[in-house]
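Heads up: the structure comes next, in structure tokens.
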Amino acid sequence: MGRIPDEVIDRVREHHDIVDVVGRTVQLKKSGRNYFGLCPFHSEKNPSFSVSPDKQIYYCFGCGAGGNVFKFLMEAEQLSFVEAVTQLAEQAGIEIPQTGGAEGSEEEDRRQRLRQVLDLAARLYHHLLTRTEYGKAARDYLQKRGIEHRTIEEFQLGYAPDSYHFLLRFMKRRGYDERLLMEAGLVAEREHSTGRPSYFDRFRRRVMFPIHDSQGRVIGFGGRMLGEGHPKYLNSPETDLFHKGKFLFNLHRARKVIRRENQAVLFEGYMDVISAWQAGICGGVASLGTSLTDSQARVIRRNAETAVICYDSDTAGNAAAERGLDVLKKRDCIVKVARMPDGMDPDDYIRERGSDSFRSDVIAQALPFAAFKLESLKKEFDLKDEEQRMRYLTRAVEVIADLPLAIERDHYLRRLAEEFHISLDALKQEHRGIASKKKREAKRDKGRGKWNNGYHEGKHMVGDGRRPLAHEEAERRLLTVMMNDRQVADRVQDTVGADFNVEIYAAIAAYLYAYYAEGHEPDPGRLIHYVKDDRLVREISALMMTDHPEQVLEEEVTDYIRLIRNYPLHMETENVQKRAKQAELSGDALKAAQMGLEYIERLRAKKSK
36 MGRIPDEVID RVREHHDIVD VVGRTVQLKK SGRNYFGLCP FHSEKNPSFS VSPDKQIYYC
96 FGCGAGGNVF KFLMEAEQLS FVEAVTQLAE QAGIEIPQTG GAEGSEEEDR RQRLRQVLDL
156 AARLYHHLLT RTEYGKAARD YLQKRGIEHR TIEEFQLGYA PDSYHFLLRF MKRRGYDERL
216 LMEAGLVAER EHSTGRPSYF DRFRRRVMFP IHDSQGRVIG FGGRMLGEGH PKYLNSPETD
276 LFHKGKFLFN LHRARKVIRR ENQAVLFEGY MDVISAWQAG ICGGVASLGT SLTDSQARVI
336 RRNAETAVIC YDSDTAGNAA AERGLDVLKK RDCIVKVARM PDGMDPDDYI RERGSDSFRS
396 DVIAQALPFA AFKLESLKKE FDLKDEEQRM RYLTRAVEVI ADLPLAIERD HYLRRLAEEF
456 HISLDALKQE HRGIASKKKR EAKRDKGRGK WNNGYHEGKH MVGDGRRPLA HEEAERRLLT
516 VMMNDRQVAD RVQDTVGADF NVEIYAAIAA YLYAYYAEGH EPDPGRLIHY VKDDRLVREI
576 SALMMTDHPE QVLEEEVTDY IRLIRNYPLH METENVQKRA KQAELSGDAL KAAQMGLEYI
636 ERLRAKKSK
């Protein structure tokens with residue numbers, strides 16, 4: 036696709052309310068003129084992510100993320116600019132002209148070809164599974180696993196035949212070269228005896244599970260080996276489109292249900308998700324062959340408040356559930372764990388006991404975070420032994436001491452007292468001791484890091500956590516006025532020009548002058564698109580989200596300009612004064628007198644400005 040005309044970009048941006056677009060991802064609540072929610076780009080418990088319907092921009096006061104509606108989609112869904120515009124244009128029914136030619140982005144064209152080749156591979160694998168003799172063994176396998184034809188079609192399951200060059204030859208006949216297939220993760224290379232690279236199909240003799248991004252586009256594959264062979268499961272390697280630590284299997288299909296029910300069910304494997312979907316549990320997702328990552332937990336929390344972990348009942352499954360619990364809790368999720376009978380995974384359970392039992396006896400009976408932790412802890416001790424039992428109780432109270440709510444702590448302490456026939460007062464005393472120790476440790480750790488002022492590079496970029504100087508504050512306020520008033524910008528251009536003292540503010544001012552020179556009207560969303568530079572976009576978003584009066588008096592603008600223009604002279608004057616004092620202290624009376632006269636002259640010059 037070629038360059039999208041600016042007038043089309045403006046139409047798309049003006050058609051969409053940023054509050055609606057962000058609201059599909061972030062749960063927003065109105066406060067004053069703006070909307071606030073938990074930032075989707077960093078971990079936080081108190082909402083610092085702000086969306087302005089008036090300015091059509093967003094800004095996080097915690098991490099500094101900011102921009103317009105296109106920037107949000109690019110960051111939240113890992114889209115390029117063209118992809119973000121195209122997606123919103125399609126939703127608005129706005130046609131994007133196919134200009135083609137040299138104006139198009141080379142990088143964008145390459146990503147488009149990657150998507151084409153991945154989509155074609157998915158359709159080829161699906162065809163081989165459902166309509167050829169190649170896929171008979173895979174069809175038999177899926178039938179034994181209870182997977183119905185409608186489910187195979189829905190998930191576009193496929194089969195990669197036992198051949199080193201089947202896909203490679205198919206793609207080359209259609210004009211796709213080996214390097215592109217390598218970049219898509221579909222083929223691998225090894226060095227031939229001649230010294231030249233030799234390419235071969237990465238996936239062979241495997242049932243194929245297409246993996247999609249949040250928009251439902253194929254970005255990679257998971258393949259399960261049929262029969263003997265290692266590894267049993269093989270995922271696509273990391274590519275420009277596929278980042279296994281960021282995406283979740285089936286999210287694009289499950290997202291509406293997850294948001295409606297305010298609950299996501301996290302499974303361990305693809306087949307568990309597919310079996311659950313077939314059984315009517317459509318809010319299931321899975322990580323992509325790795326432990327749950329912080330990025331994946333953040334995606335879950337953006338879409339739902341509650342996460343139910345439903346992993347296998349074996350040791351590895353329990354350990355993975357423990358890790359997932361901690362990652363999700365850090366993201367402020369309400370976490371529950373659905374317990375499976377020994378020796379069973381969700382797929383086995385559904386096939387043997389049915390979907391109704393799975394819903395009512397497994398998902399609905401999921402244990403809260405603390406209850407699961409306490410039950411898991413029991414397995415580490417022989418509770419028939421008195422000494423081991425005491426050690427368990429101490430560890431259990433430590434788990435309870437970490438719970439955030441007093442009512443939760445009281446509830447689980449009472450359960451422990453009843454279960455082990457121990458005085459509640461004794462448990463509470465133990466709890467107070469542990470809680471006090473944790474508080475002392477936290478205070479000590481905080482003390483060690485007392486010199487860390489919490490400054491983040493995305494926050495206001497001047498000051499390193501200190502209060503801004505007068506001229507810095509003047510430049511900030513003046514830029515804010517300039518972004519809302521073209522006449523003020525023209526006046527500043529005539530009087531200050533490029534002589535802002537803070538580098539990033541000078542850069543923003545230069546963009547503003549050029550923006551207005553091209554005939555644009557004040558519009559924060561459009562200005563952000565015009566600037567494009569990420570660092571400047573964040574700072575512009577921060578400036579525009581700062582509270583400022585609707586009307587600024589001409590006298591205030593004059594004061595801001597005076598402060599900015601006087602600052603270099605002020606610094607020179609201070610420097611002369613310091614040199615005069617140094618000369619006086621060193622006994623050089625003549626030089627001190629000369630410096631004194633120079634200081635007086637600079638003071639006069641400063642007052643005359």
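Residue numbers for the sequence shown, in my numbering: 36 to 644. Note that the Cβ used here is the ideal one computed from N, Cα and C, for glycine as well.
Work out the CA separation of Leu301 and Leu363 for me, nearest whole Å.
Position 328 of the sequence shown, counting from 1, holds the residue named residue 363. Position 266 of the sequence shown, counting from 1, holds the residue named residue 301. Using only the alpha carbons, I get a separation of about 11 Å.
Within its chain, find whatever has a CB closer than 6 Å to the CB of Lys494; leave out the 5 residues flanking it on each side and keep chain order.
Residue 494 sits at position 459 when you count from the first residue of the sequence shown. In this prediction, Lys494 has a pLDDT of 41, which is less than 50 and means its spatial position is unreliable; what the coordinates show is noted afterwards. Within the same chain, Lys494 has close Cβ partners Gly99.
Closest to Leu283 by CA distance: which of Ile369, Gly304 and Ser395 is it?
In the sequence shown, the residue the question calls residue 283 occupies position 248. It is Gly304 whose Cα lies nearest to the Cα of Leu283.
By DSSP, does His555 sit in helix, in strand, or in coil?
Within the sequence shown, numbered from 1, the residue matching residue 555 stands at position 520. In this structure, His555 counts as coil in the three-state DSSP scheme.
Using three-state DSSP, classify Val497 as helix, strand or coil.
Position 462 of the sequence shown, counted from the first residue, corresponds to residue 497. Low per-residue confidence applies at Val497: pLDDT is 45, beneath 50, and the placement is therefore not dependable, though the value from the model is reported in the following sentence. Val497 falls in the coil class under three-state DSSP.
Between which two residues does the alpha helix (DSSP H) harbouring Asp529 extend?
Working through the sequence shown from its first residue, we reach residue 529 at position 494. Annotation for Asp529: the continuous alpha helix (DSSP H) segment containing it runs Arg521 to Thr530.
Quick check on this structure: which residue in Leu504, Ala549 and Ala505 has the alpha carbon closest to the alpha carbon of Met517?
Taking the sequence shown and counting its residues from 1, the one referred to as residue 517 is at position 482. Of the candidates Leu504, Ala549 and Ala505, the one whose C-alpha sits nearest the C-alpha of Met517 is Ala549.
Can you find the residues in the same chain that come closer than 8 Å, C-beta to C-beta, to Gln571, ignoring five residues on each side of it along the sequence?
To locate residue 571, count along the sequence shown from 1; it is residue 536. The amino acid at residue 571 is misidentified as Gln; the sequence shows Leu. Cβ within range, chain order: Ile539, Ala542, Ile543 and Tyr546.
Between Lys364 and chain E, is any beta-carbon pair separated by less than 8 Å?
Checking the listed chains, one finds no chain E in this structure; it contains a single protein chain.
Can you name the residues that DSSP bridges to Asp236?
As a first step, residue 236 is located in the sequence shown; it is residue number 201 there, counting from the start. Asp236 pairs with Val222.
Shortest alpha-carbon distance to Leu18 belongs to which of Val592, Glu141 and Gln191?
Any answer about residue 18 is impossible in this case: the structure gives the chain only from 36 up to 644.
Would you give the residue range spanned by the alpha helix (DSSP H) that Arg424 belongs to?
Here the question's residue 424 lines up with position 389 in the sequence shown. Segment Glu421 to Ala436, the alpha helix (DSSP H) holding Arg424.
Would DSSP call Gln298 helix, strand or coil?
Within the sequence shown, residue 298 is the residue found at index 263, counting from 1. Note: Gln298 maps to strand in three-state DSSP.
In this structure, how does DSSP classify Tyr194 when only helix, strand and coil are distinguished?
In the sequence shown, residue 194 corresponds to position 159, counting from 1. Reduced to three states, the DSSP call for Tyr194 is strand.
What residues match up with Tyr268 in a beta bridge as DSSP calls it?
Indexing the sequence shown from 1 puts residue 268 at position 233. DSSP lists Arg259 as partners of Tyr268.
Give me the Cα-Cα distance between Phe455 and Glu189, rounded to the nearest whole angstrom.
Indexing the sequence shown from 1 puts residue 455 at position 420. Indexing the sequence shown from 1 puts residue 189 at position 154. Spanning the two alpha carbons is a distance of roughly 51 Å.
Cβ of Lys371 within 8 Å of Cβ of Phe404?
Looking up residue 371 in the sequence shown gives position 336. Looking up residue 404 in the sequence shown gives position 369. Yes; because the gap between Cβ atoms is below 8 Å, this pair is in contact.
Measuring CB atoms only, is the segment 427 to 444 touching the segment 458 to 468, in the sense that at least three cross pairs come out at less than 8 Å?
Contact between the segment 427 to 444 and the segment 458 to 468 is present, because at least three Cβ pairs lie under 8 Å.
Would you call the CB atoms of Ile131 and Ile187 closer than 8 Å?
By one-based count along the sequence shown, residue 131 stands at place 96. By one-based count along the sequence shown, residue 187 stands at place 152. No. Outside cutoff.
Report the three-state DSSP secondary structure of Ile254 (helix, strand or coil).
If you number the sequence shown from 1, residue 254 lands on position 219. Correct three-state label for Ile254: strand.
If we ignore side chains and look at the alpha-carbon of each, how far apart do Gly102 and Leu63 end up?
By 1-based counting over the sequence shown, the position of residue 102 is 67. By 1-based counting over the sequence shown, the position of residue 63 is 28. C-alpha separation (whole angstroms): 17 Å.
Distance check for Met109 and Thr515, CA to CA, integer angstroms please.
Within the sequence shown, the letter at position 480 stands for residue 515. Within the sequence shown, the letter at position 74 stands for residue 109. Near 25 Å, if we compare the C-alpha coordinates of Met109 and Thr515.
Let me check one thing: in DSSP terms, what residues is Cys95 bridge-paired to?
Translated into positions along the sequence shown, residue 95 becomes position 60. Phe84.
Enumerate, from N- to C-terminal direction, the unbroken alpha helix (DSSP H) stretches of 4 or more residues contained entirely within the segment 104 to 132.
104 to 112 and 116 to 127
Use the C-beta contact count for Arg483: other C-beta atoms within 10 angstroms, 16 or more gives buried, fewer gives exposed.
The residue given as residue 483 occupies position 448 in the sequence shown. In this predicted model, Arg483 has a pLDDT of only 48, less than 50, meaning its place in the structure is not dependable; the value taken from the coordinates is given anyway. With fewer than 16 other Cβ atoms within 10 Å, it is exposed.
So what does DSSP say about Ala399, is it helix, strand or coil?
Translated into the one-based positions of the sequence shown, residue 399 becomes position 364. Here Ala399 sits in coil by DSSP.
For the beta strand (DSSP E) that Arg241 lies in, which residues bound it at each end?
Translated into the one-based positions of the sequence shown, residue 241 becomes position 206. Arg241 to His247 is the span of the beta strand (DSSP E), which, as asked, contains Arg241.
Just the C-alpha distance for Met496 and Val152, rounded to the nearest angstrom, thanks.
One-based indexing of the sequence shown puts residue 496 at position 461. One-based indexing of the sequence shown puts residue 152 at position 117. Residue placement at Met496 is poorly supported in this model, since its pLDDT is 44, which falls under 50; the coordinates still yield a value, given next. Each residue's Cα considered, the two are about 42 Å apart.
Do you know offhand how far Leu428's Cα is from Asp445's?
On the sequence shown, residue 428 is found 393 positions in, with the first residue counted as 1. On the sequence shown, residue 445 is found 410 positions in, with the first residue counted as 1. Between Leu428 and Asp445, the C-alpha separation is close to 15 Å.
Within the same chain, show all residues whose beta-carbon is closer than 7 Å to that of Tyr94, passing over the 5 residues directly before and after it, in chain order.
For the purposes of this step, residue 94 is taken as residue 59 along the sequence shown, with counting starting at 1. So the qualifying residues of the chain are Ser85, Gly101, Ser576, Ala577 and Met580.
CB Phe235 to CB Leu203, shorter than 8 Å?
Residue numbering aside, residue 235 sits at position 200 when the sequence shown is read from its first letter. Residue numbering aside, residue 203 sits at position 168 when the sequence shown is read from its first letter. Cβ distance < 8 Å, so Phe235 and Leu203 count as in contact.
Below 8 Å CB to CB, which residues in the same chain sit around Arg241 once its five sequence neighbours on both sides are set aside?
For the purposes of this step, residue 241 is taken as the residue at position 206 of the sequence shown. Taking C-beta separations shorter than 8 Å and ignoring five residues to either side along the sequence, the partners of Arg241 in its chain run Tyr194, Ala195, Gly258, Arg259, Met260, Leu261 and Leu269, following chain order.
Alpha carbon to alpha carbon, what distance is there between Leu73 and Asn81?
One-based indexing of the sequence shown puts residue 81 at position 46. One-based indexing of the sequence shown puts residue 73 at position 38. Distance between the alpha carbons of Asn81 and Leu73: 7 Å.
Which value, in whole angstroms, describes the spacing of the CA atoms of Arg450 and Ser392?
Residue 450 sits at position 415 when you count from the first residue of the sequence shown. Residue 392 sits at position 357 when you count from the first residue of the sequence shown. Taking the straight line from one Cα to the other gives about 28 Å.
Given a threshold of 16 other Cβ atoms within 10 Å of its Cβ, counted over all protein chains shown, does Asp52 qualify as buried or as exposed?
Here residue 52 is taken as the residue at index 17 of the sequence shown, counted from 1. Looking at its Cβ environment, which holds fewer than 16 other Cβ atoms inside 10 Å, Asp52 is exposed.
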